[in-house]
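Novice:
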Amino acid sequence: MPDPAVAGASPTRIIAIANQKGGVGKTTTTINLATALAACGQRVLVVDLDPQGNATTGLGVDRRTAQADTYGLVVGDAAAAEAVLATAVPGLDIVTASADLAAAEIELIELPRREFRLRERLAPLRSNYDYVLIDCPPTLGLLTLNAMVAADALLVPVQCEFFALEGLSWLVRTVERVRRGLNPELEIQGLVLTMHDRRNNLCVSVEAEVREHFGDRVYEAVIPRNIRVSEAPSWGKPVLLYDLKCPGSQAYLRLAREMLRRERRLPAPSSAEVAA
Ligand SMILES: Nc1ncnc2c1ncn2[C@@H]1O[C@H](COP(=O)(O)OP(=O)(O)OP(=O)(O)O)[C@@H](O)[C@H]1O
Ligand SMILES: [Mg+2]
2 MPDPAVAGAS
12 PTRIIAIANQ
22 KGGVGKTTTT
32 INLATALAAC
42 GQRVLVVDLD
52 PQGNATTGLG
62 VDRRTAQADT
72 YGLVVGDAAA
82 AEAVLATAVP
92 GLDIVTASAD
102 LAAAEIELIE
112 LPRREFRLRE
122 RLAPLRSNYD
132 YVLIDCPPTL
142 GLLTLNAMVA
152 ADALLVPVQC
162 EFFALEGLSW
172 LVRTVERVRR
182 GLNPELEIQG
192 LVLTMHDRRN
202 NLCVSVEAEV
212 REHFGDRVYE
222 AVIPRNIRVS
232 EAPSWGKPVL
242 LYDLKCPGSQ
252 AYLRLAREML
262 RRERRLPAPS
272 SAEVAA
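If you use our numbering, the sequence shown corresponds to residues 2 to 277, in order.
#1: For A17, which residues does DSSP report across the bridge?
#2: Tell me, which residues are paired with E188 by DSSP?
#3: What are the residues that DSSP puts in a beta bridge with I95?
#4: Under three-state DSSP, which class holds Q68?
#5: Could you tell me the alpha carbon to alpha carbon distance between P113 and A165, rounded to whole angstroms?
#6: Give every residue of the same chain whose Cβ lies closer than 7 Å to the Cβ of Q190, excluding the five residues on either side of it in the sequence, and list them in chain order.
#7: So which of F215, N202, R64 has the shortest CA-CA distance to E83?
#8: If you drop the 5 nearest sequence neighbours on each side, which residues of the same chain put their C-beta closer than 8 Å to that of V173?
#9: Given 7 Å as the limit, tell me if D49 has its C-beta closer than that to any heavy atom belonging to ligand 4.
#10: Do you know offhand how far E264's Cα is from Y72's?
#11: According to DSSP, is Q53 part of a helix, a strand, or is it coil?
#12: Could you check where the alpha helix (DSSP H) with G249 kicks off and where it finishes?
#13: If we ignore side chains and look at the alpha-carbon of each, how far apart do L169 and N20 end up?
#14: Our contact map puts L86 next to A67 with C-beta atoms below 8 Å; I'd like the distance itself, whole angstroms only.
#15: Go ahead and label P12 buried or exposed: buried means 16 or more other beta carbons lie within 10 angstroms of its beta carbon, across all protein chains shown.
#16: Could you spell out the range, first to last residue, of the alpha helix (DSSP H) harbouring I107?
#17: Tell whether a beta-carbon distance below 8 Å holds between V133 and V48.
#18: Pull up the distance between the alpha-carbon of R262 and that of T145, whole angstroms please.
#19: Please determine, among G182, G237, K246, P225, the residue with the shortest C-alpha to C-alpha distance to I32.
#20: Using a Cβ-Cβ cutoff of less than 7 Å, which residues in the same chain neighbour V230 once the five nearest sequence positions on both sides are dropped?
#21: For R258, which residues from the same chain have a beta carbon less than 7 Å from its beta carbon, with the 5 sequence-adjacent residues on both sides left out?
#22: Can you tell which of E221, E213, F215, L245 has its C-alpha closest to the C-alpha of N227?
#23: Could you name the residues that DSSP lists as bridge partners for H197?
#24: Given this structure, state the Cα-to-Cα distance separating S128 from E232, to the nearest angstrom.
#25: Report the three-state DSSP secondary structure of V219 (helix, strand or coil).
#26: Starting from L123, trace the alpha helix (DSSP H) in both directions and tell me its first and last residue.
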């Protein structure tokens, strides 16, 4: 049951999970952070904005049951409410994606207010949710731009590898351009380190660089590399439903609580939680 003291107490936050680098954990973070936020009593909507549709399959949703999907929202004239499906996770809904969305990058070019389409279509849904998480494709094209214009903030998953910082400076420049022209409110709310391995020296040194450069925008919660996390999507389940006790699930729960605390939707951690 959602805790009324937490759920609905604050305005809706639309967060785009973005990084133009492929395979850094965007979709895994979208699915599992969304599930962890729902487990904390938040009403959450995932918007699958990647033509690969990995968030849709990873949440075990049959996209054929949807009357409309993100393509219909962004390019067509589907109503947002028609596109929402419930998932197996209580409190978590999704707008699915299909391969049709790949054509949207080209079709959007011709459309009026092409960067604002997702923002305008999601507007009627806002009040139904505490969080809307948008899973972006690994590009900085018109779909990701639509997500950046629709969003209040970005969450950037970072895999601690050699080129991580280079990719981030490109992303930061894009965000600055979007703030100047299209969405002055957009902020990088946070960076989350994914697939982390404390035994790997490169990983540890890239983490130090990212923390030095981005300071407290980097979440303390770090997502470890954990086989259970990568197995879960093939069962159509978030890892929290697949194996709640595994290190990956526990890390996504810590990330959700840290996000809720940062946004003042949860009180500061208890001493027991800090010690954990
Ligand atoms: N913490 C983790 N531990 C182990 N494997 C992980 C973890 N996070 C992600 N993976 C695996 O890494 C791969 C890439 O993750 P994911 O699909 O989330 O990245 P992505 O950024 O969404 O990729 P794309 O850019 O293609 O959309 C997947 O096979 C996923 O299962
Ligand atoms: Mg993805």
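Don't be surprised by glycine CBs; every beta carbon is placed ideally from N, CA and C.
Bear in mind the structure is a predicted one, so any value in this text is a computation, not a measurement.
Specialist: Taking the geometry as given:
#1: Counted from its first residue, the sequence shown places residue 17 at position 16. Answer is I135, L155.
#2: Taking the sequence shown and counting its residues from 1, the one referred to as residue 188 is at position 187. According to DSSP, E188 bridges with A154.
#3: What you label residue 95 is simply residue 94 of the sequence shown in a count that begins at 1. I95 is bridged to V47, L86.
#4: Here the question's residue 68 lines up with position 67 in the sequence shown. Shown here, Q68 sits in coil according to DSSP, grouped into three states, outside any helix or strand.
#5: Taking the first residue of the sequence shown as position 1, residue 113 is located at position 112. Taking the first residue of the sequence shown as position 1, residue 165 is located at position 164. Separation of P113 and A165 (C-alpha to C-alpha, rounded to the nearest whole angstrom) is 35 Å.
#6: By 1-based counting over the sequence shown, the position of residue 190 is 189. Closer than 7 Å at Cβ, skipping near neighbours: I16, A154, L155, L156.
#7: If you number the sequence shown from 1, residue 83 lands on position 82. Cα-wise, what sits closest to E83 is R64.
#8: Numbered from its first residue, the sequence shown carries residue 173 at position 172. I189.
#9: Among the ligands present in this structure, namely ligand 1 and ligand 2, ligand 4 is not found.
#10: Within the sequence shown, the letter at position 263 stands for residue 264. Within the sequence shown, the letter at position 71 stands for residue 72. Cα to Cα, E264 sits roughly 31 Å from Y72.
#11: As a position in the sequence shown, residue 53 is number 52, starting the count at 1. In the three-state reduction of the DSSP assignment, Q53 falls in the coil class, being assigned neither a helical nor a strand state.
#12: Locating residue 249 in the sequence shown gives position 248, counting from the first residue. Run containing G249: 248-263, per the alpha helix (DSSP H) assignment.
#13: As a position in the sequence shown, residue 169 is number 168, starting the count at 1. As a position in the sequence shown, residue 20 is number 19, starting the count at 1. Distance between L169 and N20, taken at the CA atoms: about 8 Å.
#14: Stepping through the sequence shown from its first residue, residue 86 is reached at position 85. Stepping through the sequence shown from its first residue, residue 67 is reached at position 66. Indeed, because the Cβ distance is near 5 Å, the residues count as touching under 8 Å.
#15: For the purposes of this step, residue 12 is taken as residue 11 along the sequence shown, with counting starting at 1. The residue in question, P12, is exposed, as its Cβ has fewer than 16 Cβ neighbours within 10 Å.
#16: Reading the sequence shown from its first residue, position 106 is the one you call residue 107. Taken as a continuous stretch (DSSP letters only), the alpha helix (DSSP H) holding I107 covers 102-111.
#17: To locate residue 133, count along the sequence shown from 1; it is residue 132. To locate residue 48, count along the sequence shown from 1; it is residue 47. Result yes, Cβ atoms of V133 and V48 sit closer than 8 Å.
#18: Numbered from 1 along the sequence shown, position 261 holds the residue referred to as residue 262. Numbered from 1 along the sequence shown, position 144 holds the residue referred to as residue 145. The alpha-carbon atoms of R262 and T145 are separated by roughly 27 Å.
#19: Here residue 32 is taken as the residue at index 31 of the sequence shown, counted from 1. Ranking the options by Cα distance to I32, first place goes to G237.
#20: For the purposes of this step, residue 230 is identified with residue 229 of the sequence shown, where counting begins at 1. So the list reads T29, V240, G249, once near-sequence residues are dropped.
#21: By 1-based counting over the sequence shown, the position of residue 258 is 257. Taken in chain order, the residues that qualify are C41, L267.
#22: Translated into the one-based positions of the sequence shown, residue 227 becomes position 226. The option with the nearest alpha carbon to N227 is L245.
#23: Start at 1 with the first residue of the sequence shown, and residue 197 comes out as number 196. For H197, which the question treats as bridged, DSSP gives the partners P225.
#24: Indexing the sequence shown from 1 puts residue 128 at position 127. Indexing the sequence shown from 1 puts residue 232 at position 231. Between the C-alpha atoms of S128 and E232 there is a straight-line separation of about 34 Å.
#25: In the sequence shown, counting from the first residue as 1, residue 219 sits at position 218. If DSSP states are grouped into helix, strand and coil, V219 belongs with the strands.
#26: As a working mapping, residue 123 is identified with position 122 in the sequence shown. Residues 118-123.
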